[in-house]
Amino acid sequence: MNNGIFNTRKSYLYNTMKLNILFSIALLFAFSINAKSQDFETLNFKDLEPTFHLQNDTTYVINLWAMWCKPCVEELPEFEHIRKSYENKKVKVLLVSLDFGSKVEERLSKFLIKKNINAEVVILDDPDANSWIGKVDDKWDGALPATVIYKKDKRKFFARKVTYSELAETIDNLNR
Amino acid sequence: MMKKILFLSILLISAVAIHAQGYKVGDSAADFKLKNIDGKHISLADYKDAKGFVVIFTCNHCPYAVAYEDRIIDIDKKYKKKGFPIIAINPNDPAVVPGDSFEGMQTRAKEKSFTFPYLFDAKQEVYKNFGATKTPHVYILSKNGKDLKVEYIGTIDNNYKDASKVSTKYVEDAINSLLMGKKPEVTYTKAIGCSIKTRG
Numbered sequence: 293m294n295n296g297i298f299n300t301r302k303s304y305l306y307n308t309m310k311l312n313i314l315f316s317i318a319l320l321f322a323f324s325i326n327a328k329s330q331d332f333e334t335l336n337f338k339d340l341e342p343t344f345h346l347q348n349d350t351t352y353v354i355n356l357w358a359m360w361c362k363p364c365v366e367e368l369p370e371f372e373h374i375r376k377s378y379e380n381k382k383v384k385v386l387l388v389s390l391d392f393g394s395k396v397e398e399r400l401s402k403f404l405i406k407k408n409i410n411a412e413v414v415i416l417d418d419p420d421a422n423s424w425i426g427k428v429d430d431k432w433d434g435a436l437p438a439t440v441i442y443k444k445d446k447r448k449f450f451a452r453k454v455t456y457s458e459l460a461e462t463i464d465n466l467n468r
Numbered sequence: 003m004m005k006k007i008l009f010l011s012i013l014l015i016s017a018v019a020i021h022a023q024g025y026k027v028g029d030s031a032a033d034f035k036l037k038n039i040d041g042k043h044i045s046l047a048d049y050k051d052a053k054g055f056v057v058i059f060t061c062n063h064c065p066y067a068v069a070y071e072d073r074i075i076d077i078d079k080k081y082k083k084k085g086f087p088i089i090a091i092n093p094n095d096p097a098v099v100p101g102d103s104f105e106g107m108q109t110r111a112k113e114k115s116f117t118f119p120y121l122f123d124a125k126q127e128v129y130k131n132f133g134a135t136k137t138p139h140v141y142i143l144s145k146n147g148k149d150l151k152v153e154y155i156g157t158i159d160n161n162y163k164d165a166s167k168v169s170t171k172y173v174e175d176a177i178n179s180l181l182m183g184k185k186p187e188v189t190y191t192k193a194i195g196c197s198i199k200t201r202g
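Chains A and B, in that order, are what the protein sequence lines are.
According to the numbering used here, the first sequence is numbered sequentially starting from 293.
According to the numbering used here, the second sequence is numbered sequentially starting from 3.
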């Protein structure tokens, strides 16, 4: 989010004293947050794979999870916390949902709003799991949750639930 | 500082020890005795005429496990009579996942008319011996006298979502090879699954 633009807009509104405009902008803003968490890209692993190997100066935190996975749901707030505290530090959090079944997008959307998770979410829909599990990380054997943190060619993999401090420490180490 | 190094070394050693646990293809597996949903205890040694076993760590709550229930029943119906019965084991601690309680297992087995034993790894020791990490996770064993050899570890087939779109049936292919007296062509695959639930 660009605070600069927001502040300019705010002072303009104060100057013109048109409260109804303030309200409509606030309303638009609220809708845009909701709308953001309702659109999901559904990908197979071939399309998702480049996201695990981007060669730029951003640190990527990629978590594989699902709504029915208890440890995954327990650690979601830790990723959201990371996303917020590293917002201006070239850190990108991506939540890769492995949920499947009927109305998966609708269920996911409601779930994320309820849990107040605003990190980017994509759905990985690729049922030949044996073909891609090892490409997430060669140490991974397929048990959820799993998390990859990388910057260029340096990476760290967790095949279990992680905490905020573990994530923060890993990100800081990759940027040392 | 020394304390920290000592602590880290202990951590490293225990991590290696944990990692070293579990069977690889070619290892001999130890028999076990676990309680079945009917209250009776079952060992692999009870199956005098079996040529081997399809040991599947599975559970009630995990959607991947549920997606494979009908396929597991079909494999049991097809291969039990040929000497490779399914032995299903729930490795989860019900204190973490209430739905995976012994009573929950009895209910699910009845609902789905399981044709195979569904055992409860109450002490969570058997899954550790095997090295299972998730549900569903398959270990195919062959029996030679008293020796149980691990022949295949991994997933059931290549489509967890839709049985009608499966093009490679890893478990059936492995059993078919063993029935012909051959080694399975594919002995190891990676299965997607729900992590096995433990306290702490």
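For every residue, glycine included, the Cβ atom is placed at its ideal position computed from N, Cα and C.
For clarity, every value in this text was computed on a predicted model and none was experimentally measured.
With burial defined as no fewer than 16 other Cβ atoms inside 10 Å of the residue's Cβ, what is the status of arginine 399/A: buried or exposed? Arginine 399/A comes out exposed.
Of all the alpha helix (DSSP H) runs that stay within the bounds of the stretch 120–170 of chain B, which reach a length of 4 or more residues? Correct list: 128–132.
What are the start and end residues of the alpha helix (DSSP H) that includes serine 197/B? It is not in any alpha helix (DSSP H) - serine 197/B instead sits in the beta strand (DSSP E) that spans 195–197.
To the nearest angstrom, report how far apart valine 414/A and lysine 35/B are at their CA atoms. 43 Å
What are the boundary residues of the beta strand (DSSP E) that phenylalanine 59/B is part of? 54–59
Find out if the Cβ-Cβ distance for the pair lysine 26/B, isoleucine 155/B is shorter than 9 Å. yes
From serine 166/B to serine 377/A, what does the alpha carbon distance come to, in whole angstroms? 46 Å
What residues from chain B crowd round leucine 335/A, counting only those whose CB sits closer than 9 Å? Those do not exist, as leucine 335/A stays about 15 Å from chain B at its closest Cβ, beyond 9 Å.
Using a Cβ cut-off of 8 Å, which residues of the stretch 152–170 of chain B contact any Cβ in chain A, in chain order? So the close ones are Gly156, Thr157, Asn160, Asn161, Tyr162, Lys163, Asp164 and Lys167.
Assign asparagine 355/A to one of three DSSP states: helix, strand, or coil. strand
Residue range of the alpha helix (DSSP H) that leucine 386/A falls in? Unbroken run through leucine 386/A is the beta strand (DSSP E), 383–389; no alpha helix (DSSP H).
Contact under 9 Å by Cβ, valine 281/B with phenylalanine 132/B: Given a span of 3 to 202 for chain B in the structure shown, any question on residue 281/B remains unanswerable.
Just the C-alpha distance for asparagine 326/A and serine 401/A, rounded to the nearest angstrom, thanks. Caution is warranted here: a pLDDT of 45 is assigned to asparagine 326/A, below 50, making its placement in the model unreliable, and no coordinate value can be reported.
Limits of the beta strand (DSSP E) - the one that histidine 43/B falls within: Histidine 43/B -> beta strand (DSSP E) spans 43–45.
Can you confirm whether the stretch 133–149 of chain B touches the stretch 103–110 of chain B when touching is taken to mean that 3 or more C-beta pairs between the two stretches lie within less than 8 Å? no
Asparagine 294/A burial status per 10 Å Cβ neighbour count (16 or more: buried): Bear in mind that the predicted position of asparagine 294/A carries a pLDDT of just 38, short of 50, making it too unreliable to give a figure here.
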